[in-house]
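Protein chains: 2
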Amino acid sequence: MTTFDLVIQNGTLLTMDPENRVIENGCLCISGDTIAHVGDHIPEDHKASKTINAGGGLIIPGLINGHTHAPMSLFKGLADDLPLMEWLNQYIFPVEKNMDADFIYTGTLLACAEMILSGTTTFCDMYLFEDHVAAAAFQSGVRCLVGEVLYDFPSPNYGDLENGFVYTERLINKWKNNPLVSIAVEPHALFTCSPELLERANQMALNHKTPLIIHFAETLAEVEAIKKKYGRSPLEHLEALNIAGSHLIADHAVHLDPSEIEKMAGYGIKVIHNAESNMKLSSGIAPVPQMIAQGITVGMGTDGGASNNNMDLFTEMDMAAKLHKVQAMDPTVMDALTVLKMATIEGAKALGIGHITGSLETGKKADIIVIDTRKPHLTPMYNPFSHLVYAARGQDVKHTIINGRLVMENRQLLTLNLEEVMARAMEKAVDVRKWVSSQ
Amino acid sequence: MTTFDLVIQNGTLLTMDPENRVIENGCLCISGDTIAHVGDHIPEDHKASKTINAGGGLIIPGLINGHTHAPMSLFKGLADDLPLMEWLNQYIFPVEKNMDADFIYTGTLLACAEMILSGTTTFCDMYLFEDHVAAAAFQSGVRCLVGEVLYDFPSPNYGDLENGFVYTERLINKWKNNPLVSIAVEPHALFTCSPELLERANQMALNHKTPLIIHFAETLAEVEAIKKKYGRSPLEHLEALNIAGSHLIADHAVHLDPSEIEKMAGYGIKVIHNAESNMKLSSGIAPVPQMIAQGITVGMGTDGGASNNNMDLFTEMDMAAKLHKVQAMDPTVMDALTVLKMATIEGAKALGIGHITGSLETGKKADIIVIDTRKPHLTPMYNPFSHLVYAARGQDVKHTIINGRLVMENRQLLTLNLEEVMARAMEKAVDVRKWVSSQ
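Chains as they are written, first to last, in my numbering: chain A, 1 to 439; chain B, 440 to 878.
Have a look at this one:
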């Protein structure tokens, strides 16, 4: 008699596997950190140490937030509806100038609480003091791919750029064997990073076999700045620097023409789409249906708390699905299944961890969420994919499991003291207000 | 010593009154169905029969859903991501052909449950068997303005059009003195209603001093059809029929040029914006910032459950705010306060009930919701308006009061048996599946 550590039953499994298997009244069994069985009943000669009753709800892979600045969760609502430069100069920069490691740690705990509560099991982060982002994610039990932002000017964390490379190298070595944390090399953007910085960052990523992550073609101003400075488009600039490749994750990728999309597909560049942030900041509408049609792997992100202002991937899915329909004036664009894939298996593939997470398959890590569908806004249910994209919200997630560990049960966080995290966040907000007003 | 029936305290009052007063640690007192006091403490020589502790959260006017087809809550997720005609012919029409009063009643109870749970206290409905919509809303304790849809073809409810006018007149007389239910005259759209129908409906609305409500300029196809049939634009058609006036509520109003917007403002025509539905059905993007700039009163609606697929006005606000920013490529467009007004006081004004509801003012009916902000996605809070639009969700509503009556307390519905409503809805869904598959 073998014993599974955790068994989830009495729910509909949406596996998001290559066959898109849907198993009604399914059963998923976990051994340690790994999915040991996916089927319609627990295998014979097995029993469960602990069983979760999904209550007739949906059992799906944990969601993948492909682009975040998690600590900016402390800035949400600080400043909205402003022109970009006013937003940056009067709010964001004054705060970033003053923040420290404890600020980052607190902000990340807050973001992890929000993510767990809304069904996100993996996030990909770019910000400052990322060692502390990693530590907070690890404490929270959330899977992550993180990297220290590199740019041409001094960093509030590491100071001169040279130290940024040292810091990144240390991160890579420190977290190398961690079960939850992976490190990427993360130059900020083409307009904030010199060609030398970009080439060196790329070399470091290739040497360590980590992803290279960059904000890319997010705004028209950025595209014009690159054209003016280098006489070529952002993609041509990547090509000239020999950076375009399958290890590259391009966040945003809003302003691209059809030939560039085709080229990006050829290079195997991955894209993270941030519909809500691109809308809120008026950056533009990324040509996502066209990218997917060309075979580009496209994941989905919320971006930072100051430009969204939430980390709920359910509403991100809803907004992305609807945005592209009205943009194309075609209701068949970005159907629910395509969008749910972006937030699960395609998102995992975009981050280079499609073999680890993003679907419910034997041998993968157990990153799983259970959705409570016994609510009026999810009743009746004709099509679970439709409900997940167009009707469900993060607060419908009832249980969250990451790497085999139950991190939320019946909406209670098990890895964090929520009251304490919120109290610490409110203390940091006092500092934020002070820093902004002393401008 | 006078006694208030209900007192809400220990929260921040966002009154949405003409001065947009915000009262921290405020106190709102209710006598019967009416707001008797708004201030920072309970008046001397008064006490409370019942007190609600807002727990440091936000106390705001109940939200106004300006355009719904409430019973279609039973269709949500039935068919998505389809071309319009396939959606209508294969799904919506077969179901509507078969439905009856009990179906409508059940669907409306389900919609009312969702609305109360997500902070909507008033809705404006257009559909079939509206007497049963009104009855279900009244049972649920939700304020509504409803009307039977009128069009040139036979109705599954009343049969020939002549009976539709009789039915509408009966509705008006039956519900005349109801504290929650009001009746409107509701021709479906310009392309489904003959000029005679429209003129007669308009006359009935004027005679009874009720609003006249119509789908208007929702799609390009509709605009082209009107131009082809009558040789004039939809607005010119309204003008020719002498229908354009301040009693007219135009749902959608997507396809308008600047001169038409100016004219509509001149007539005092009200508009209900349905961002999510217009996106999901690829109808287009209504020129809302331009309409508001011209002085048109614009409210906000979710439209029916089959084209959204939810009735959460919080995500509707979020989506509308972001959609218009990216459309205008200007992040200052549709700021949070403007959007919250659309979902409260402007929505109430659009429905002709701005003197009754939509703001927290002494003498108005007590339609109030309390938002629980002690959650990580709402912590910290720099600006309550921002959080309500960009971060809060319907499930953050903790208490809902309509017409002085507590209809939800601590997220428990007090007017409906939720389990029973969902069970009945699931039974109706069995019929829906049968009707669709027997096509």
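Each residue gets a CB set at the ideal place from its N, CA and C atoms; glycine is no exception.
*Residues in the stretch 721-740 of chain B having any Cβ partner in chain A nearer than 9 Å*: 721, 722, 723, 724
*Is any beta-carbon of chain B found at less than 8 Å from that of residue 83/A?*
Answer yes: the Cβ-Cβ gap between residue 83/A and chain B drops below 8 Å somewhere.
*8 Å Cβ cut-off: residues of chain A touching residue 706/B*: Under the 8 Å cutoff, chain A gives no residues; its nearest Cβ is about 27 Å from residue 706/B.
*Backbone secondary structure at residue 669/B - three-state DSSP*: helix
*asked:* Determine, for residue 446/A, whether the minimum Cβ-Cβ distance to residues of chain B falls below 8 Å.
replied: Nothing about residue 446/A can be reported from this structure: the residues present for chain A run from 1 to 439 only.
*For chain B, find out if any of its Cβ atoms is closer than 8 Å to the Cβ of residue 437/A; answer yes or no.*
Judged by the 8 Å Cβ criterion, residue 437/A is not in contact with chain B.
*Look up residue 344/A in the DSSP assignment and say whether it is helix, strand or coil.*
Correct three-state label for residue 344/A: coil.
*residue 350/A: buried (16+ other C-beta within 10 angstroms of its C-beta) or exposed?*
buried
*asked:* Three or more C-beta pairs under 8 Å: does that hold for the stretch 271-289 of chain A against the stretch 320-327 of chain A?
replied: Result yes; three or more Cβ-Cβ pairs closer than 8 Å.
*For residue 366/A and residue 403/A, believed in contact at Cβ under 8 Å, the rounded distance*: 7 Å
*Does the distance from the CB of residue 149/A to the CB of residue 134/A come in under 8 Å?*
no
*Can you grab the Cα-Cα spacing for the pair residue 392/A / residue 378/A, in whole Å?*
Cα to Cα, residue 392/A sits roughly 7 Å from residue 378/A.
*Cβ of residue 734/B within 8 Å of Cβ of residue 781/B?*
no
*Hey, which unbroken runs of the beta strand (DSSP E) at 3 residues or more fall wholly within the stretch 706-730 of chain B?*
709-712
*Using a beta-carbon distance below 8 Å, is residue 380/A in contact with chain B?*
yes
*From the beta carbon of residue 492/B, is the nearest beta carbon of chain A less than 8 Å away?*
no
*asked:* Taking the alpha-carbon of residue 267/A as reference, which of 255/A, 291/A, 252/A, 182/A has the nearest alpha-carbon?
replied: 291/A
_Limits of the unbroken beta strand (DSSP E) element including residue 405/A_ = 405-409
*Residue nearest to residue 865/B in terms of C-alpha spacing, selected from 477/B, 549/B, 447/B, 458/B*: 549/B
*Name the residues in the stretch 826-852 of chain B whose C-beta lies less than 7 Å from a C-beta of chain A; which are they?*
826, 829, 830, 832, 834
*Measuring only between beta-carbons, confirm whether residue 425/A sits less than 8 Å from chain B.*
For residue 425/A, the answer is yes, since a Cβ of chain B falls inside 8 Å of its Cβ.
*Apart from the five residues just before and just after residue 375/A, which ones in its own chain have a Cβ nearer than 7 Å to its Cβ?*
396
*Give me the Cα-Cα distance between residue 317/A and residue 709/B, rounded to the nearest whole angstrom.*
31 Å
*What does a CB cutoff of less than 7 Å around residue 105/A pick up in its chain, not counting 5 residues either side in sequence?*
132, 135, 136
*Alpha carbon to alpha carbon, how far is residue 499/B from residue 420/A?*
27 Å
*How should residue 869/B be labelled, buried or exposed, when 16 other C-beta atoms within 10 angstroms of its C-beta is the threshold for buried?*
exposed
*Is the stretch 53-73 of chain A touching the stretch 2-14 of chain A in the sense that three or more CB pairs, one from each, lie closer than 8 Å?*
yes
*Under a three-way DSSP split, which group does residue 397/A fall into?*
strand
*Counting along the chain, where does the beta strand (DSSP E) carrying residue 370/A start and finish?*
Per DSSP, residue 370/A is one residue of the beta strand (DSSP E) stretching across 368-371.
*Since residue 759/B meets chain A, which of its residues come closer than 9 Å, beta carbon to beta carbon?*
By Cβ distance, chain A contributes nothing, its closest Cβ being about 10 Å from residue 759/B, past 9 Å.
*Are the C-beta atoms of residue 856/B and some chain C residue less than 8 Å apart?*
In summary, chain C is missing from the structure at hand, where the protein chains are A and B.
*asked:* Counting C-beta neighbours from all protein chains within 10 Å, is the total for residue 358/A 16 or more, i.e. buried, or is it exposed?
replied: buried
*Can you give, in chain order, each stretch of the beta strand (DSSP E) that sits fully within the stretch 180-240 of chain A and has at least 3 residues?*
If we require 3 residues or more, the beta strand (DSSP E) runs fully inside the stretch 180-240 of chain A come out as 181-183, 212-216.
*Could you name the residues of the same chain whose beta carbon sits closer than 6 Å to that of residue 677/B, not counting the 5 residues immediately before and after it, in chain order?*
683
*What is the rounded straight-line gap between the Cα of residue 668/B and the Cα of residue 251/A?*
49 Å
_Using 8 Å as the cut-off, can you tell me whether the stretch 207-218 of chain A makes contact with the stretch 89-101 of chain A, which would need three or more C-beta pairs spanning the two stretches below that distance?_
Proximity of the stretch 207-218 of chain A to the stretch 89-101 of chain A falls short of the contact definition, fewer than three beta-carbon pairs being nearer than 8 Å.
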